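Just so we're aligned: the sequence shown equals residues 249 to 570 in the numbering used here. We put the CB at the ideal spot given by N, CA and C, even for glycine. As the structure is a computational prediction, the values presented were derived from the model and not from experiment. Okay, so here's the structure we're looking at.
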Amino acid sequence: MVVNLPPQYYKKEAELKKAKTLDEKIAILEEMLSIMPKHKSSEKLQALLKSKIAKYKRLKEKLPQTARKQTAPSIKREGAGQIVICGPPNSGKSTLLATLTKAKPLIADYPFTTKLPLPGMFPYQDIKIQLVDTPALSTEFSENWLGDILRKADVLLFLFSLSSDNLIEEIEDSLKVLERFRIKEEGKFSFTKKIIWVGNKIDHPDSKEIEEIFIDLYGKQIPEFLKISAKERINIENLGDIFFKSLDIIRVYTKIPGKPLDLQAPYTLKKNSSVIELAEIIHKDLVKNFKYARLWKNIKEKPLIVGRDHILEDRDIVEIHD
Ligand SMILES: Nc1nc2c(ncn2[C@@H]2O[C@H](COP(=O)(O)OP(=O)(O)OP(=O)(O)O)[C@@H](O)[C@H]2O)c(=O)[nH]1
Ligand SMILES: [Mg+2]
């Protein structure tokens with residue numbers, strides 16, 4: 249049966265598509281319901297709108313207070329770099345955070361369990377990398393603050409589930425959100441951020457079959473992806489090396505003249521940083537009064553004497569003289 253709907257209804261329908269928050273969506277849906285002519289022909293549509301309103305209200309109930317108030321959550325950066333875990337609902341993002349760090353996120357077998365970002369520190373050799381779990385990417389529910397968190401990350405880890413029957417739809421939906429967040433270029437498979445692609449749940453009996461479908465569709469654009477089981481801890485031993493490499497950082501140990509070497513806590517700098525950039529982080533007086541530096545590749549060998557523009561490498565030991 250054809251439903252004759254007034255033009256205001258279509259206007260509201262367009263507004264609904266642009267609505268970002270659950271409150272906005274509910275308000276618009278309620279308006280649509282009130283505008284709609286109430287006869288037999290529109291019964292189905294009325295029921296659909298009512299069920300949507302009920303669904304959004306249920307979701308709102310589940311949101312913690314802070315999210316309901318629309319205060320944008322943010323994460324304080326800590327450690328040598330920040331990798332934000334993102335991806336479709338139920339892919340195991342929170343499980344991965346729980347497996348790799350001491351954080352205790354809520355994990356459950358239904359979508360949209362995670363409502364707020366949660367950080368955890370991942371120990372890698374003598375540094376710590378911050379991992380952040382986030383709510384699922386979803387064109388329907390992702391709020392703009394999630395975009396801020398993803399754009400501020402050093403690297404993104406996109407986690408998808410190799411046990412999901414809807415994997416392709418889920419990835420497409422996530423990619424649309426990344427476009428909305430201006431992290432993916434529209435219509436192109438190109439991103440403003442470095443992304444580590446990870447297929448999770450390889451312990452699942454269907455994972456081989458789903459992986460084939462994934463490769464058929466994305467093999468060209470995503471030639472490299474990791475396969476893990478966050479829950480069963482399969483293939484997670486190399487993640488540290490991969491994370492460290494992705495961050496493009498180096499560790500530099502400093503030695504105070506006349507004191508023994510303390511290899512405890514390295515400074516972390518961007519790759520290709522120079523000696524003077526290290527001095528800047530240590531103390532601004534060191535920059536002003538910089539004379540030369542002694543640099544060891546190996547503390548047992550004789551040091552090199554280097555100037556301010558010398559480019560540092562991972563694990564260099566530096567003693568600045570002023
Ligand atoms: N078989 C299997 N199940 C997993 C694995 N990782 C996570 N799961 C299960 O998948 C379900 C979802 O896990 P979560 O970690 O909550 O997933 P999420 O991506 O954080 O989900 P949302 O926060 O809802 O987006 C839970 O039942 C987990 O136990 C895995 O490696 N293998
Ligand atoms: Mg989660």
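Residue i CB to nearest heavy atom of ligand 3 below 6 angstroms
i	result
Ile-355	Inclusion of ligand 3 in the displayed structure is not the case, the ligand content consisting of ligand 1 and ligand 2 alone.
DSSP three-state assignment for residue i, whether helix, strand or coil
i	result
Asp-451	coil
Leu-509	coil
Gly-368	strand
Phe-491	helix
Lys-475	strand
Tyr-358	coil
Phe-439	strand
Ala-328	coil
Phe-462	helix
Ser-522	strand
Ser-409	strand
Asp-564	strand
Asp-396	helix
Lys-536	helix
Thr-516	strand
Leu-253	coil
Ile-484	coil
Any non-hydrogen atom of ligand 2 closer than 6 angstroms to residue i Cβ
i	result
Ser-342	yes
Thr-361	yes
Assigned exposure category for residue i - 16 Cβ within 10 Å defines buried
i	result
Ala-527	buried
Gly-467	exposed
Gly-435	exposed
Ile-547	exposed
Asp-496	exposed
Lys-341	buried
Tyr-515	buried
Thr-502	buried
Gly-447	buried
Phe-473	buried
Ser-438	exposed
Ala-302	exposed
Asp-564	buried
Leu-426	buried
Heavy atom of ligand 1 within 6 angstroms of residue i beta-carbon
i	result
Lys-303	no
Pro-337	yes
Asn-448	yes
Ala-351	no
Lys-479	yes
Ala-541	no
Asp-454	no
Ala-401	no
Asp-413	no
Asp-451	yes
Ala-384	yes
C-alpha gap between residue i and residue j, whole angstroms
i	j	result
Gly-395	Lys-539	45 angstroms
Thr-382	Thr-362	7 angstroms
Glu-272	Lys-305	11 angstroms
Ile-504	Lys-493	28 angstroms
Leu-410	Ile-375	31 angstroms
Asp-357	Ile-397	25 angstroms
Ala-295	Ala-262	19 angstroms
Val-500	Leu-348	25 angstroms
Glu-567	Gln-378	28 angstroms
Val-403	Lys-519	15 angstroms
Ile-529	Ile-490	26 angstroms
Ala-541	Asp-557	11 angstroms
Lys-286	Ile-276	17 angstroms
Leu-270	Ile-333	23 angstroms
Leu-281	Ser-290	10 angstroms
Lys-324	Ile-331	13 angstroms
Glu-480	Glu-459	18 angstroms
Leu-345	Thr-319	24 angstroms
Ala-513	Lys-536	24 angstroms
Leu-297	Lys-288	15 angstroms
Ile-201	Tyr-257	In the structure as shown, the chain starts at 249 and stops at 570, and residue 201 therefore has no counterpart that could be examined.
Pro-471	Lys-442	14 angstroms
Phe-370	Pro-254	56 angstroms
Asn-338	Phe-360	7 angstroms
Lys-545	Ile-524	18 angstroms
Integer-rounded CB distance, given that residue j should sit under 8 angstroms from residue i
i	j	result
Ile-431	Arg-399	6 angstroms
Leu-552	Leu-560	Not quite, the Cβ-Cβ distance comes to about 12 angstroms (not below 8 angstroms), so this is no contact.
Gly-335	Leu-423	Going by Cβ atoms, the distance from Gly-335 to Leu-423 rounds to 11 angstroms, so no, they are not a contact pair.
Ile-416	Leu-385	At roughly 14 angstroms, the Cβ-Cβ gap does not stay under 8 angstroms, so Ile-416 and Leu-385 are not in contact.
Ile-498	Ser-477	Contact doesn't hold; Cβ gap of about 31 angstroms is too wide.
Ile-482	Asp-451	6 angstroms
Lys-268	Glu-391	6 angstroms
Asp-421	Thr-387	5 angstroms
Closer than 7 angstroms to chain B by CB, residue i
i	result
Lys-260	This model lacks chain B altogether; it includes just one protein chain.
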